[in-house]
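This report concerns only the one structure given below.
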Amino acid sequence: MARKLKVAWGVTGAGDRLNETLQIMKDIKAEYGETVDIEVYLSKMASMVLRMYKIYEELEEAFGKVMVEKDANTPFITGRLQLGKFEFLLLAPATSNTVAKLAHGISDTMLTNGAIQALKAYVPVYVMPVDYREGSTVTVLPNGKELRLRVRKEDAENVTKISAMDGITTFEKPDEIRDIFREKFGTA
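Counted from 1, the sequence shown has number 164 at position 57 by this note's numbering; the numbering is strictly sequential.
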């Protein structure tokens, strides 16, 4: 049996599009499970937000071992990214805080450190910012109610900045993750 390819999926503390992203990743795992292993890495806040949305257990059940950030180097995703153990790093959804840190080269969390180190080793990084374009958006809260939010000009500018970085590809909607997997691995 051939060795499975690996993808690192990093989840930040964004609640926006979190449930949709989880559902798509479960579909992708079902479709590519024979050839691709998806490892899940959660920021400290992602662990809390997943519990608020009552989907932490669903994530664990679907993906097995879930690694939660303890500090910028624990779990040690950076070394495995630099050694080419993963085909790419997927950050979805990504908070405006994570995007701002990437835009300014700040690597003080497990996921921002992982992304920046991946880029240094020519490992592609795909980012789905929740604050993709300036204007307003509607998100669904853990209680099911909708909340209208402003996407600030500064946050949209950070998305533009990381979009221009060599090795980073940004995208807006969870469904686009399917296209990334098709591009990298073909149809299952």
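Virtual Cβ for every residue (Gly too), placed ideally from N, Cα, C.
Computed from a predicted model, the values in this text were never measured in an experiment.
#1: Leaving out five residues on either side along the sequence, give the residues of the same chain with a beta carbon under 6 Å from the beta carbon of S203.
#2: Check whether the Cβ atoms of K268 and A210 lie closer than 8 Å to each other.
#3: Quick one: give me the first and last residue of the alpha helix (DSSP H) that V156 is part of.
#4: Would you tell me roughly how many angstroms separate the C-alpha atoms of P236 and Q189, rounded to the nearest one?
#5: For Y296 and L197, which I take to be in contact (beta-carbon distance under 8 Å), what is that distance rounded to the nearest angstrom?
#6: What residues in its chain sit with their C-beta under 6 Å from that of E176, if we drop five residues either side in the sequence?
#7: Given that a residue counts as buried once 16 or more other Cβ atoms are within 10 Å of its Cβ, and exposed if not, what is D123?
#8: DSSP three-state call for G96: helix, strand or coil?
#9: Decide if K172 is buried, meaning its Cβ has at least 16 other Cβ atoms within 10 Å, or exposed.
#10: Could you name the residues of the same chain whose beta carbon sits closer than 8 Å to that of I162, not counting the 5 residues immediately before and after it, in chain order?
#11: Which class does K208 belong to by DSSP, given the choice of helix, strand or coil?
#12: Quick check on this structure: which residue in T276, R255, Y148 has the alpha carbon closest to the alpha carbon of F170?
#13: So what does T277 bridge to, in DSSP terms?
#14: Looking at the unbroken beta strand (DSSP E) that takes in M174, where does it start and where does it end?
#15: Check whether the Cβ atoms of E146 and K113 lie closer than 8 Å to each other.
#16: Can you tell which of P231, F278, E264 has the C-alpha that lies nearest to the C-alpha of G191?
#17: Work out the CA separation of P249 and R255 for me, nearest whole Å.
#18: Leaving out five residues on either side along the sequence, give the residues of the same chain with a beta carbon under 6 Å from the beta carbon of A199.
#19: Whose C-beta lies closer than 7 Å to the C-beta of T205 among residues of the same chain, with five residues either side of it excluded?
To lay it out plainly:
#1: The sequence position of residue 203 within the sequence shown is 96, counting from 1. The beta carbon of S203 sits closer than 6 Å to the beta carbons of D238, D262 from its chain, once the five residues preceding and following it are set aside; these are given in chain order.
#2: As a first step, residue 268 is located in the sequence shown; it is residue number 161 there, counting from the start. As a first step, residue 210 is located in the sequence shown; it is residue number 103 there, counting from the start. Yes.
#3: Taking the first residue of the sequence shown as 1, we reach residue 156 at position 49. Where V156 is concerned, the enclosing alpha helix (DSSP H) stretches over 151-159.
#4: To locate residue 236, count along the sequence shown from 1; it is residue 129. To locate residue 189, count along the sequence shown from 1; it is residue 82. Straight-line Cα distance between these residues: approximately 23 Å.
#5: The structure shown does not extend to residue 296, since the chain is modelled only from 108 to 295, so the question has no answer here.
#6: Position 69 of the sequence shown, counted from the start, is the residue given in the question as residue 176. Short of 6 Å from the beta carbon of E176, and not among the five residues preceding or following it, lie these beta carbons of its own chain, in chain order: S150, K151, M217.
#7: The residue you call residue 123 lines up with position 16 of the sequence shown. So D123 ends up on the buried side.
#8: With the chain covering 108 to 295 only, the question about residue 96 has no answer from this structure.
#9: Residue 172 sits at position 65 when you count from the first residue of the sequence shown. With fewer than 16 Cβ atoms within 10 Å of its Cβ, K172 is classed as exposed.
#10: Your numbering for residue 162 matches position 55 in the sequence shown. These residues qualify, in order along the chain: L125, N126, L129.
#11: Stepping through the sequence shown from its first residue, residue 208 is reached at position 101. Assignment of K208 by DSSP, reduced to helix, strand and coil, places it in the helix class.
#12: Along the sequence shown, read from residue 1 onward, the residue named residue 170 stands at position 63. The alpha carbon of F170 has as its nearest neighbour, out of T276, R255, Y148, the alpha carbon of Y148.
#13: Translated into positions along the sequence shown, residue 277 becomes position 170. Answer is V234, bridged to T277.
#14: Here residue 174 corresponds to residue number 67 of the sequence shown, with the count starting at 1. Run containing M174: 173-175, per the beta strand (DSSP E) assignment.
#15: If you number the sequence shown from 1, residue 146 lands on position 39. If you number the sequence shown from 1, residue 113 lands on position 6. Contact: yes.
#16: In the sequence shown, the residue the question calls residue 191 occupies position 84. Checked all of P231, F278, E264; the closest Cα to G191 is P231.
#17: Your numbering for residue 255 matches position 148 in the sequence shown. Your numbering for residue 249 matches position 142 in the sequence shown. Those two C-alpha atoms are separated by around 14 Å.
#18: In the sequence shown, counting from the first residue as 1, residue 199 sits at position 92. Cβ within range, chain order: T128, M235.
#19: In the sequence shown, the residue the question calls residue 205 occupies position 98. Taken in chain order, the residues that qualify are T119, L198, L218, T219.
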